[in-house]
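Okay, structure first, notes after.
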Amino acid sequence: MIFPEFVGGVHLPPLVPYIALAGTIGFILMILPGLIWIERVVIALMQDRSGPNRVGPRGLLQSTADVVKLFFKEDMSPKSADIKIYYLAPFLTVLCAFSAGGVLPLQTLTFHLANGDFQTVPLTVGDVNIGVLYILAVSSLQVYGVVLAGWASNNKYSLLGGLRGSAQLISYELSMGLAILCVVLFSGTCQLNKIVDAQSGAPFGLPLPEIFNGSIFSWFWLGTGIIPVVIYTIAMIAETNRAPFDLPEAESELIAGFHTEYSSMKFAMFFTGEYVSMLVVSGLNAALFWGGPLPPLNIIPFTLIPGFVWFITKVMGGIFFYTWLRATYPRLRYDALMHLGWKRMLPLGLVWLFLLAVVSLGRSPAKSADNVPEKPVTATQQVQTLPNAVAHR
Amino acid sequence: MITTSHFLVLSAILFTTGVVGVLVKRNPIVIFMCVELMLNAANLSFIALGRHFGQVNGQMYVIFALAVAAAEVSVGLGIIVAIFRAKETINVDEINLMKS
Amino acid sequence: MVTVIAFWVLAILSVVASIAMVVTKNPVRSALALVGTFLCVAALYILLSAQFIAAVQVIVYAGAIMVLFLFVIMLLNLGSPGALRERGSLQPVIATGMGICFLIALLLSGSLIKLRLPAGARPEVYEPLGTVRGIGINLFDPKQPWLFPFEATSILLLVAVVGAIIMAKRKV
Amino acid sequence: MLSTSNLAMWIILLPFLGFLHNAFAGLIWKKNAKKVVSYVAPGVVLLAFGVALMVVMTELPNAHDHRLIGALIPGTSAATPWINLGGLRINFELLVDPLSLLMAMIVTGVGGLIHVYATGYMAEDPEQPRFFTYFNLFITMMLILVLGGNFLLMFVGWEGVGTCSYLLISFWYKQSENAKAGNKAFIVNRVGDLGFALGMMLIWSVFGTLSYFNDKGTGVLQLAGAGHAEGAHTALHAISVMGTPVSVAVLTTICVLLFVGAMGKSAQIPLWVWLPDAMAGPTPVSALIHAATMVTSGIVMVTRCSWLFSQAPQAMQLVGYIGLATAFVGATIGLVQNDIKRVLAFSTVSQLGYMFLACGVGNYTAGMFHVTTHAIFKALLFLGSGAVIHSMLGEQDMRKMGGLRKKIFKTWLVMWVGTYAIAGVPGLSGFFSKDEILHSALSSPGNGMFLYAVGLAIAFMTAFYMNRLMHKTFGVTAQFVDGELPHQHHSNFDDHDAHGHDDHAHGEHHDDHAHEDGHGHSQVHESPASMMIPLYVLAFFSVAFGAWAKFTGAFEKFLEPVVPQMTHLEAPITESMGYIISGCVAIAGLTLAYILYRKPKVVETGQLIPAETKTRWEKSPLHPYTFLLNKWWWDVVYNGIFLKIGGIFAILLWKVVDAGIINGTIEGLGWIVGGFSRLFRKLQTGYVRNYALAMLFGVLVIVLGVLGSWSIAAK
């Protein structure tokens, strides 16, 4: 899709980040009740039962009703809690969850400039060159919400939940970082849009028909050898405290874990934070391993659909995967969780990263995406940024 | 206009705060945090001076300082946990085996 | 203009947070104040065009080190204020006085040093200064002295990991 | 340009590999260790002999100036530095020339035969692998000594063989006399080694190197004149590293110091006292180390440095007279000893003296000739005596032997060959080598006649005591009851232990037990083939080697390039006249012994006169028999001088200097420090925070100081 530079005297390209910001937040807030509904319906289907069916058609308004109920619930706080921190915790959770979404590469917009040139602008809130690190940083801050909530509630179940949460988040962040590093190693950049660009070439640099350029086969889930995507997916589930890694809020052991003492809107904020986190890490998954806004095949019906639709589709795929897992697996024991994180995924990730490093040494002298000059990129120029293997043929 | 000196002064203030914190606190964990603050203040001046001279070397030092800080904290907290197990307290004024 | 405002806001915030860390009696609040200071410092790093360091600062300090602190505080249950009550002594007074003297001395000495640019240095901020690429190329450049410290640091970290486990484990 | 030898290193490395193997044989082979070791240990030495032969056959003839240098470590060159400090550069180098090859062949050849012999002799010992570990290590060290290309490597070998000697003398360390004998040997050798080390340092400071030969022509021996063989004996003069001539006084000092080292190792007066005691070790050790090889290293060293000695006539005279005195003293003591191995030990001392006499009169070739023949027949004699001792189940006292000729005829036969060889019966090897020495002594510039006369007397005594030994051991009637011999098991384990520990030993013991059970047949038996075959080989060479070397002149020609040719006076008698004289002397000695010891009566009492009937003179310590039996009271005098006086001095040092001055000073210091500590301890509150505050104070002072200096500088 090509947009004009000026619409009604408004200079469009500088506005793109704001559009992205508004779009992201608006979309997330809008989709949240839908997400909960989807989850409930999907689980119900998987468990062969009816699921929500009272409020609205097929129970579609059930979540809205729940939100309304939460709004009007009494806002209680424990007497012996550390009130300031107790209030701070849910805010932190939501804040971190939302801010992580700021670098997701929704789509690339192309503007037809007044002087005849074309300019591509990423539809991203902040397309920073340390995008991956930014996401890691922000998601590492998420642990504070859990820890502080657990501690400030002054409740031993909450404290246990908080401790579990912090240990779990720190442990799995390592594996997550390793998986992401594999992608960074192959794309040569930390900027998410460029990582997406790096997936838009021919699969493995093979001389295949045009239709495979940027197709599902050239995305990094395959390009980095499947192991990183598996590690990342497991780690992202653990990072968001979802089943089967939902130990910090294990209802059968710890009542509700770190948010036992939270009710009403504060609870709703935790809930929001959790779902936003799911969306964000799924979005990161989509951008890193599943080609972001790229269509699965480079042919007409797919390429006509705008990139952000593909992106959202992939995110929704991630959400479905979450739900599927939740319906399938029992919760892990705590030691099994640590065992998996430290003794299985971390060594595997390290070894795989090392192997990939060796492979990429043999591939070509690192031609980093950072080297590409910042100017309007045309389709022909994009070909030149493909791995050298193509150029040599 | 913000000059390098602004950053250096800020760094000095943060560093002094850390020093005073080390001296007045009795909780070794908080003392540790103050030490981390001092390290950060030093890092800040490293980066400011590196920017001043247009060199990336200042940032190199910070990377190593970060790594060393991480190592120091892990061992230090390990020691604190071990001391707590042995003495049921971590008050630095009660850890006085050296006192005759 | 944005930079000036950002600097003053962040500077004041970081100083306030650091003083709050020292003053407050509750270790958890101290830790939170310190996290605030770290975040402000990280933002200042971005002002200094050290994006990579800023991200690492958040990941390592805020995301790992301070969580470890909080973890230990909670583990030892030192959270309740007054668990370590300060006894009356002259130490804090002397320390504060001496600290102020120290600060004044630092500032004085700073005023005596002229920051001169060496010949050939580029005072302006150039693009790859703080990016992952700029740092990485410098760090692994055989002509630069950083390669050996880098390897040494990795060994240091390994030793620290082993040491921490030995220290903290009940039975080895 | 010196030729290089690629093979030489393997002469050393093979025994070394054997040593490593034997040391870990128990780990590798478990219960089969003894068996494997008994093949590997002699095997590597014999292989090394083969390599040495190969070097002689292939590499030496092609060598420029009969000299090769080689590397010690495979894959390196001879210029590989071992020590490189300032001006001192020591290489891992070997010097391969006729002298070192001759010694290498003696060490590996005779040594190999002794190894074979020892497989039989030590078969019963449960610690046999340890024995062969030391044995192979000894061979390695000895080869380093003789093949090493510089003085320091020689010193390494020198100390290495000393260590092995110590280890092997006290091999059966459970008996304290053995351990003491080992200590004695080691400590006495220390004195000599000190001399050697000092001489070596002096050499370095004068010549600036320790290598014998090098490519630049600045090796010690090259500077001393070796290598320009043609005009050597007319215009010898050593030049120092600075290019100036070295004064005779310095050279004499060097030579005397080196000779002190040789005295220790080769058991010369006054450092000879350790050698007789060293017989405490197993007999193969006595044969290999204390007769054939190690004790001759002093002569080898003097010969190696002959270019230096030749220019220090006074040092040479000292060598000659010390050698003569030692030969005489050794021979006289040998006359009256009763222990079969001790007789041989004193004989060795005496023969070593002979060799030094040869060096002292400047006929180094004759010295080395005697080294060679002596190595062969003394090894033969020792091994033969070992076979006797083995047959007698460990008995060593000749007074308790006798009449063995019929029982162990083959042993008797080879022993006779050895006896004739050492006595100098015409035609056997000892005759030629000894006569060569006597002849050159006679023609030497000094008191030729005196030297010759004393030498003849010694030869006479040698023949006498050797024949005495033979008669007492094999002749007359048996002084023991066959079948009732006490089993004197030489081992660290008594019989019972040995069986308990090692089933393997049980099988080997089976034979002995049959005897012990005493079913009426003889205990005394011939030794196994592994012990006899080396004896035959050695006997053959005892007979043949001397004549071959003498008549073909091969030996002299072989060694010619490595020793300086000395001027000799015209001897008053011709060589054939000398042959007749020394032949007669030898036969006279043999005859006298035959007359005296033919009759059993003399042997039975063990002493010429029964103790009760002794006169005052006969009881006096200066009575010749007592005097000689007690080795001229040498040990007693040493004990008196060194132990008593030294002990008093040591106590003085301990009580006054150590306890009084040194301890007092240190304790006083400690007391002062303690006082100050008590004073300053009040400052130490024990609170970390106070210390940190003090630290900040210090930092503040420093910062202010720097600040002040800056502001002053700014003005």
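Protein chains in written order, with the numbering used here: chain A, 29 to 421; chain B, 5 to 104; chain C, 2 to 173; chain D, 10 to 724. Yeah, the Cβ is synthetic: ideal placement off N, Cα and C, and Gly gets one too.
For residue i, which residues of its own chain have a beta-carbon under 7 Å away from its beta-carbon, when the five flanking residues on both sides are left out?
i	result
Pro272(A)	Leu353, Tyr357, Pro358, Arg359, Leu360
Gly509(D)	Because the pLDDT at Gly509(D) is just 38, under 50, the model does not fix this residue reliably, and the value given afterwards should be weighed accordingly. Result list for Gly509(D): empty, nothing under 7 Å.
Ile51(B)	Gly62, Gln63, Val66
Val133(C)	Phe53
Ile37(D)	none
Got a sec? Which residues, its chain only, sit under 6 Å from residue i by beta carbon, not counting five neighbours each side?
i	result
Thr406(A)	Any reading at Thr406(A) needs caution, since the residue's pLDDT is 39, under 50, leaving its predicted position unreliable; the model's value is listed next. Cβ within range, chain order: n/a, list empty.
Val370(D)	Gly329, Ser449, Ala450, Ser453
Val265(D)	Ala324
Trp380(A)	Ile255
Ser14(D)	Glu68, Leu77, Gly79, Val105
Leu374(A)	Leu202, Ser203
Considering only DSSP beta bridges, list what residue i is partnered with.
i	result
Glu102(D)	Ala80(D)
Asn639(D)	According to DSSP, which records beta bridges pairwise, Asn639(D) is partnered with nothing at all.
Val38(A)	Val35(A)
Gln147(A)	Phe139(A)
Pro45(A)	None; Pro45(A) has no bridge partner.
Gly7(D)	Absent from the structure is residue 7(D), since the part of chain D shown begins at 10 and ends at 724.
Please check if any C-beta of chain C sits within less than 8 Å of the C-beta of residue i.
i	result
Ile3(A)	A query on residue 3(A) cannot be resolved here, the shown segment of chain A reaching from 29 to 421 and no further.
Ala355(A)	no
Val39(B)	no
Arg55(B)	yes
Trp318(A)	no
Thinking just about the alpha-carbon of each residue, which of the options is nearest to the one in residue i?
i	options	result
Thr148(A)	Phe139(A), Gly154(A), Asp155(A), Val156(A)	Phe139(A)
Phe11(B)	Val42(C), Glu152(C), Ala106(C)	Val42(C)
Thr382(D)	Val552(D), Ala258(D), Ile99(D)	Val552(D)
Leu108(D)	Gly673(D), Thr561(D), Ser306(D), Tyr700(D)	Ser306(D)
Looking at chain B, is there any beta carbon in it that lies within less than 8 Å of the beta carbon of residue i?
i	result
Ala56(C)	no
Phe8(C)	yes
Phe149(C)	no
Leu56(D)	no
Ala701(D)	yes
Arg687(D)	no
Leu177(D)	no
Leu705(D)	yes
Please check if any C-beta of chain D sits within less than 8 Å of the C-beta of residue i.
i	result
Leu140(C)	no
Leu27(B)	yes
Ile95(C)	yes
Does any residue of chain A have a CB that is nearer than 8 Å to the CB of residue i?
i	result
Phe39(C)	no
Val126(C)	Annotation note: pLDDT 48 at Val126(C) (below 50); position unreliable, no value reported.
Met75(C)	yes
Report all residues from its chain with a CB closer than 8 Å to the CB of residue i; omit the five preceding and five following residues, and keep chain order.
i	result
Ala73(B)	Glu40, Leu43
Leu71(C)	Val29, Ala32
Val54(D)	Leu23, Pro24, Gly27, Thr117, Gly120, Gly121, His124, Asn145, Ile148
Leu20(D)	In the sequence under discussion, the amino acid at residue 20(D) is Ile, which differs from the Leu named in the question. Ala57, Val60, Ala61, Val64, Ala113, Thr117, Leu152, Leu156.
Leu169(A)	Leu120, Cys124
Check whether the segment 215 to 229 of chain A and the segment 303 to 322 of chain A touch, using three or more Cβ-Cβ pairs below 8 Å as the test.
Contact annotation: the segment 215 to 229 of chain A touches the segment 303 to 322 of chain A, with at least three C-beta pairs closer than 8 Å.
Three or more C-beta pairs under 8 Å: does that hold for the segment 271 to 288 of chain A against the segment 187 to 196 of chain A?
With a cut-off of 8 Å, the segment 187 to 196 of chain A and the segment 271 to 288 of chain A count as touching, because enough Cβ pairs lie within range.
Count the C-beta pairs between the segment 146 to 159 of chain D and the segment 22 to 33 of chain D that are closer than 8 Å, then say yes if the count reaches three, no if not.
Enough Cβ pairs lie closer than 8 Å, so yes.
With a cut-off of 8 Å, do at least 3 Cβ pairs link the segment 70 to 84 of chain B to the segment 150 to 168 of chain C?
They touch, by the three-pair rule.
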